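See structure below.
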Amino acid sequence: MRPSQEALDLLYAIGDELQDGPLTVGTMFRSPGLRTGSKIVAFLGSGDYLIVKLPKARAQELIAAGAAGPVTMGKRTMREWVEVPAAADPGATALQWTALTREALEYVRSLPG
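Residue 107 is where the sequence shown starts when you use our numbering, and the numbers rise one by one after that.
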């Protein structure tokens, strides 16, 4: 299932809002997403999930709180990636996804290489 137009529009809006450096909207893993340089920050999963890269402890915190789910690629669960579903309220989704993408951007920019 492809992301909805609403999720795609929100991803572009988040990219515009966080445009304080080299942040590019493009395709990651055959899905629309955001990257800084060659590093992936976030992308849309099927069914209107935002998938973001966060520190392992933060990812575990969000999963434990029920605010996000783990991301599994193939048979491997990714330790620093979580999927966050769209909320019933589009405004709440925008706030949550923007905040988490901002966290992810800061984290990814702090990584070496």
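For each residue, glycine too, the CB sits at the ideal point set by N, CA and C. A quick note: this is a predicted structure, and the numbers were derived from the prediction, not measured.
inquiry  = Determine whether the beta carbon atoms of glutamate 142 and proline 128 lie at a separation below 7 angstroms.
reply    = Reading the sequence as shown, one finds threonine at residue 142 and not glutamate. Contact flag set, yes.
message = If you follow the beta strand (DSSP E) that arginine 141 is in, where does it begin and where does it stop?
response = DSSP places arginine 141 in the uninterrupted beta strand (DSSP E) bounded by 137 to 142.
task = Tell me, please, which residues DSSP counts as bridged to alanine 163.
result = DSSP output for alanine 163 lists no bridge partner at all.
message = Distance check for glutamate 209 and glycine 121, CA to CA, integer angstroms please.
response = Looking at the two C-alpha atoms, the distance is approximately 13 angstroms.
Buried versus exposed call for glycine 153 [16 or more other C-beta atoms within 10 Å across all chains shown] = exposed
task = Kindly indicate which residue of Glu212, Ala200, Val214 has the alpha-carbon position closest to the one of leucine 117.
result = Ala200
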